[in-house]
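Number of protein chains: 6
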Amino acid sequence: VIRTRIMVINPNTTASMTVTVTEAASTVVRPGTALIPSTATSGPATVESNLEEALGAVAVADQVQAGEAAGIDGYVVACFGDTGVAAAREMASGPVVGMTEAALVTAAMLARYFAVVTLPSRTRHQSERVVRELGLDHRCRIRAVDVGVTEIATGAAPFLDAIEAEAHLAIDHDHAEAIILGCAGLAELTAPLTSSLGVPVVEGVAAAVAMVDGLLAQRLSTSRLSTYAPAE
Amino acid sequence: VIRTRIMVINPNTTASMTVTVTEAASTVVRPGTALIPSTATSGPATVESNLEEALGAVAVADQVQAGEAAGIDGYVVACFGDTGVAAAREMASGPVVGMTEAALVTAAMLARYFAVVTLPSRTRHQSERVVRELGLDHRCRIRAVDVGVTEIATGAAPFLDAIEAEAHLAIDHDHAEAIILGCAGLAELTAPLTSSLGVPVVEGVAAAVAMVDGLLAQRLSTSRLSTYAPAE
Amino acid sequence: VIRTRIMVINPNTTASMTVTVTEAASTVVRPGTALIPSTATSGPATVESNLEEALGAVAVADQVQAGEAAGIDGYVVACFGDTGVAAAREMASGPVVGMTEAALVTAAMLARYFAVVTLPSRTRHQSERVVRELGLDHRCRIRAVDVGVTEIATGAAPFLDAIEAEAHLAIDHDHAEAIILGCAGLAELTAPLTSSLGVPVVEGVAAAVAMVDGLLAQRLSTSRLSTYAPAE
Amino acid sequence: VIRTRIMVINPNTTASMTVTVTEAASTVVRPGTALIPSTATSGPATVESNLEEALGAVAVADQVQAGEAAGIDGYVVACFGDTGVAAAREMASGPVVGMTEAALVTAAMLARYFAVVTLPSRTRHQSERVVRELGLDHRCRIRAVDVGVTEIATGAAPFLDAIEAEAHLAIDHDHAEAIILGCAGLAELTAPLTSSLGVPVVEGVAAAVAMVDGLLAQRLSTSRLSTYAPAE
Amino acid sequence: VIRTRIMVINPNTTASMTVTVTEAASTVVRPGTALIPSTATSGPATVESNLEEALGAVAVADQVQAGEAAGIDGYVVACFGDTGVAAAREMASGPVVGMTEAALVTAAMLARYFAVVTLPSRTRHQSERVVRELGLDHRCRIRAVDVGVTEIATGAAPFLDAIEAEAHLAIDHDHAEAIILGCAGLAELTAPLTSSLGVPVVEGVAAAVAMVDGLLAQRLSTSRLSTYAPAE
Amino acid sequence: VIRTRIMVINPNTTASMTVTVTEAASTVVRPGTALIPSTATSGPATVESNLEEALGAVAVADQVQAGEAAGIDGYVVACFGDTGVAAAREMASGPVVGMTEAALVTAAMLARYFAVVTLPSRTRHQSERVVRELGLDHRCRIRAVDVGVTEIATGAAPFLDAIEAEAHLAIDHDHAEAIILGCAGLAELTAPLTSSLGVPVVEGVAAAVAMVDGLLAQRLSTSRLSTYAPAE
């Protein structure tokens, strides 16, 4: 019996990515919790540029509005960079977690030093924004491969070697002891990279789903006091 | 003869605020530079909440798109918190400066310690986000009065005393030596507060206009290399 | 059917505290996960001083050793300050989470600013050590009431008013939007404080249990590569 | 008609450098603003060592004293490292901006990440001092070529290749998206480097001149309240 | 028999202050080490403003030059804010320690949190500059009383109560566990404040003398490699 | 005549290391000060892992307890990472200094940038913990060679080349101007590395001994107010 529903929000319109990441995260939830995949109905096909982040944030807000109408219990924003999470927090009655922040704090429980491997290079500051918002810049390095998100939208497997090579650089040169996959579209690489790298590989959507599930179990939700008070 | 046009973008739909801040900044530009006020045609009436920031960022992008079509030379985003500035930078061929970042670096040239007085309280993190993006948190404190932006949309004069009282607290308790007005709607208070406080009072739109004008004079514009490369 | 066992380690010898916190966290775990309370068999009755932290760390290590022999799947260290967590991580095959780090990252998902209310005053640096290890000092303030841990060992209820008063100061003066209870012995105050304060109140043991449970669901455990490699 | 005069202060005695940088910046000022070049009459021929910085600061103070007597409106200190700026601020009735701080905040408006290319290597900490005073160390890397300032006093052109090579390293390895020329003597390289590098190249004296001009337009000057109160 | 001579440099011309601080520190040195008091022969009577700091730095350099001619083994700069220390390091063959940096690291060995009580208020940034150069801002607060250095030049006793009151505020509100006297002229208050406050009171000249003496015993002196290489 | 006794505490059971470091530091103390070597009677043979740090901290506490009974005046903890220093501070009536913190602040008086060369790689975070506790991460880099402490217990000479090579990397790539030896067992390499590297080489035990000796000369000891109050 489903008692709890967590919406997995994809801020872009590429539904195949929503399906992939939701499936990847489906083993994480408790019995009684269902993951509800949700894809943007308008906006960019992928979120890479700053404009796409702005459009993506509005797409997140739209989906949360629909989710609230449907009685969703909690939300995961499945886009590296966590666009729209702040707006989602003030709109949703239940907890909201971004895949980036979830991945970072999860890695922090597993390793003293870790690294994000993201794509494409231009999005480095989007990762760093979340890293610094949490204050983890003394423990986390950011590396990027210059592959566009659109290139992996139909499957990340062709880029396994490139991601793995960059992860090895993080391990060898940045002292990384765990690797965070810096794009929802890389979820399918979690298992092969875990095998080949020999260190924990954190997939942010799964990490965020686990965290929302845990917040719900603790009956915790976003503070309404100030920053995330509902808009008037 | 107008050779240079700087668009002053208001991310919200309250045109009176656009007029006020543009007028306040009009004395700052060089001969030959014109300020073009621009107001959002849709979206929130004021930007206070996180959702309004998300909607405001898209409104900024829309106005930059129109500005590019009209051959605008540079842009100022006139909303404390600098929503939409990153997207604007990647869309515009000329320089883009947010009123918050401009106010902060301007104050840093005038005083060792300074403070933002913003409103309402819930927007504290929006100021802090820009402060930390620049790294000025060791020199800048943020104070807020709990007045909504809508309340000052028809004139900030009724709140002069409240702003002044908070500024005095910043001077007395935070060692502030200059005050930044933390809302475009407060521009009209610059002169009276400068008189009464006896320290420099920085109005961010004027500061940003001066900065864009200076960047244009140096023939400098946003780097297209990576973070602000045009969206594909 | 119990498939997963998480040991809740109390580094001090006060078994009543172990029982209280384990009970408080018992509603958080998934079906099939059991919490196994464990209390130090020797060492200090409470962990307040630096010497007690040193002794407590060894007590944690002893309990993990026993836990490994018993096939425990994951561990929570139930002592604010997270003494012994680093040693536990290198000894345990499964994940280990301290109540302090768990509470901090949990609060960070619920509020932009938050505060720890801990006790007694002399332990301030023990909280700050974890706050800074995570890098959250720009978002988290630490407040303390000068009550000894021994005084609350037989029940924290008499100190509800003192804790609540300090939490109100954090809300009013530090802009805190959520409160972290800075001692395992305060778990019983979670419900009454949640009611009276009107902001999320995070209890670290429950937060840590949820996090370990989530890590196990993701099949993630401590990186063995370097910092937490097994001792030779 | 000249209404405003900005003094460009060279803390060293090499008048050719004063001329070069003032000319380079002359296109930046508004109609009605004149740049007044000023060279130290005693002290070191170049400012590279810490002793030379100490002597240079006094030379700056001497020139400001003369400038005040002559009714100068604002000042630029044209020496990377901004020696003497604090003293100048408390002596001058008008605004004072150092070329380093101006270059840094200008670059911050153009790029998320940027780099200083300075010389010689021993002056790294002089750049870093200003970077950290502004708090931009998370966005700015410092690189140096080991060429003495005296070597470029008669023209920087022979070192174009060396500077360009170091700038390319900053772009390729430090993710720099804009380059700051870390010596007033490099001003003549601004144009060729802008062409060859394809990213914004910021020359600090021009940036500082623009900033002082803008402060004057805003009728802003140094706070007299505390740090920069006149000496008794 | 005197084998080692440490010069105590006063950057200002008030010889009485030199005598007082040298006497206060005289009990700290080893047998065979002599303290050589040295007073500026020109420049300001006290160092409070930024201009006075600039002049004081040159006065320090002059005294080091004389000291090198006289075969001095090590140097202490006895002015809170450590003006001239960088220049002194590159000029001296032996080690150089400023009273501020020495006081800060000494307090850090005695207490987790501590505070500077300095004077007058306008010099706050001079203390903070050294605090941040060492990185101790997370452990050290700065407080000031608004008394001029000239007022204490003839004896600090009349200001004992004011200093003590501010120190109590640091203890009560900033969690300070040790107090640093933020002016060489306060040395005579060390004993009475130690008695009345009940926490360690660190006098920077004595701390610096002990540190130079210890560096000499370790046969350590300033690195000549880069930052402090001799000026050419 | 011995008037002052400083105990040099080795948290591990390898007495040969205690002898070596105590001898190396013996030339640093004043006449009348004796160094009393003390070796753990139980616990790990070397301190490398986190568990060994936990056990080492208790071994430090045991030795301080014995030292207090014997009237020891001050203590040095001779283990890189400073395990047990906090507990020692609250137990000892006299001052306590760790070799890591002493080495770091000593290097900070000699060089603007410096590096630790430690071993083995897994202990990187133990060095970084102390670096960050002092706030020196902007000036200090950490490098490691992957040699176990047990390998150097019988003499570090075979690893001179490896240490020297890593130190050269720090000088060439990290701008280090001084080198800190990151293990008590490396003390015998101080002289040869000083010769070959041409920069100051800081040995932490000697640095800590000098510092404790200096604190005693200043009649300063640990603050009993809060963090290091005696355990009840």
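Protein chains in written order, with the numbering used here: chain A, 1 to 232; chain B, 1001 to 1232; chain C, 2001 to 2232; chain D, 3001 to 3232; chain E, 4001 to 4232; chain F, 5001 to 5232. Just so it is clear, CB atoms sit at the ideal spot from N, CA and C, and this is done for glycine as well. In this text the structure is predicted, and so the values were computed from the model without any measurement.
Roughly how many whole angstroms lie between the Cα atoms of residue i and residue j?
i: Gln4065 (chain E); j: Ile1002 (chain B); result: 60 Å
i: Pro3158 (chain D); j: Asp1213 (chain B); result: 33 Å
i: Val105 (chain A); j: Val2105 (chain C); result: 7 Å
i: Leu4181 (chain E); j: Gly4155 (chain E); result: 14 Å
i: Ser4218 (chain E); j: Val5199 (chain F); result: Strictly speaking, residue 4218 (chain E) in this sequence is Gln, with Ser absent from that position. Gln4218 (chain E) and Val5199 (chain F): Cα-Cα distance of roughly 14 Å.
i: Asp4062 (chain E); j: Leu4055 (chain E); result: 11 Å
i: Ile72 (chain A); j: Arg1132 (chain B); result: 34 Å
i: Ala4108 (chain E); j: Glu2101 (chain C); result: 25 Å
i: Met91 (chain A); j: Arg4143 (chain E); result: 43 Å
i: Val4096 (chain E); j: Arg4089 (chain E); result: 6 Å
i: Val1202 (chain B); j: Leu3216 (chain D); result: 12 Å
i: Val4076 (chain E); j: Ala4206 (chain E); result: 9 Å
i: Asn3050 (chain D); j: Pro4230 (chain E); result: 9 Å
i: Glu3128 (chain D); j: Asp3137 (chain D); result: 8 Å
i: Glu1068 (chain B); j: Gly3135 (chain D); result: 33 Å
i: Val5117 (chain F); j: Ile5179 (chain F); result: 7 Å
Are the CB atoms of residue i and residue j nearer to each other than 7 Å?
i: Leu189 (chain A); j: Leu169 (chain A); result: no
i: Met5007 (chain F); j: Ser5026 (chain F); result: no
i: Ala5115 (chain F); j: Arg5141 (chain F); result: yes
i: Ala4057 (chain E); j: Gly4084 (chain E); result: yes
i: Asn3010 (chain D); j: Thr3046 (chain D); result: no
i: Ser5196 (chain F); j: Glu5164 (chain F); result: yes
i: Glu1052 (chain B); j: Pro1044 (chain B); result: yes
i: Ala2034 (chain C); j: Ala2187 (chain C); result: no
i: Val3145 (chain D); j: Ala3167 (chain D); result: no
i: Arg112 (chain A); j: Thr2227 (chain C); result: yes
i: Leu3110 (chain D); j: Thr1222 (chain B); result: yes
i: Ala3078 (chain D); j: Ala3176 (chain D); result: no
i: Val2209 (chain C); j: Val2028 (chain C); result: yes
i: Thr4014 (chain E); j: Ala4153 (chain E); result: yes
i: Gly4098 (chain E); j: Gln4126 (chain E); result: no
In the structure shown, what three-state DSSP assignment does residue i receive?
i: Leu2181 (chain C); result: strand
i: Ile233 (chain A); result: Nothing can be reported for residue 233 (chain A), as the shown portion of chain A is limited to 1 through 232.
i: Gly1098 (chain B); result: strand
i: Ile5072 (chain F); result: coil
i: Ala5034 (chain F); result: strand
i: Asn2012 (chain C); result: coil
At the 7 Å Cβ level, is residue i part of the contact set with chain H, yes or no?
i: Arg2132 (chain C); result: No chain H appears in this structure, whose protein chains are A, B, C, D, E and F.
Quiz item: Taking Cβ-Cβ distances below 8 Å as the criterion, which residues of the region 3134–3154 of chain D are in contact with chain F?
Solution: The region 3134–3154 of chain D vs chain F, Cβ under 8 Å: Asp3137.
Quiz prompt | Length-filtered (3 minimum) beta strand (DSSP E) runs lying within the region 4104–4156 of chain E | solution = Runs of the beta strand (DSSP E) inside the region 4104–4156 of chain E: 4114–4118 and 4140–4144.
Self-check item: Residues from the region 5173–5204 of chain F in contact with chain D, defined by Cβ distance under 7 Å
Solution: His5175
Quiz prompt | Within 7 Å of chain D by C-beta, residues of the region 5094–5116 of chain F in sequence order | solution = Contacts with chain D (Cβ-Cβ distance below 7 Å) from the region 5094–5116 of chain F involve Arg5112, listed in chain order.
Quiz item: For the region 1210–1228 of chain B, which residues have a beta carbon sitting closer than 9 Å to at least one beta carbon of chain D?
Solution: Ala1210, Met1211, Val1212, Asp1213, Gly1214, Leu1215, Ala1217, Gln1218, Arg1219, Leu1220, Ser1221, Thr1222, Ser1223, Arg1224, Leu1225, Ser1226, Thr1227 and Tyr1228
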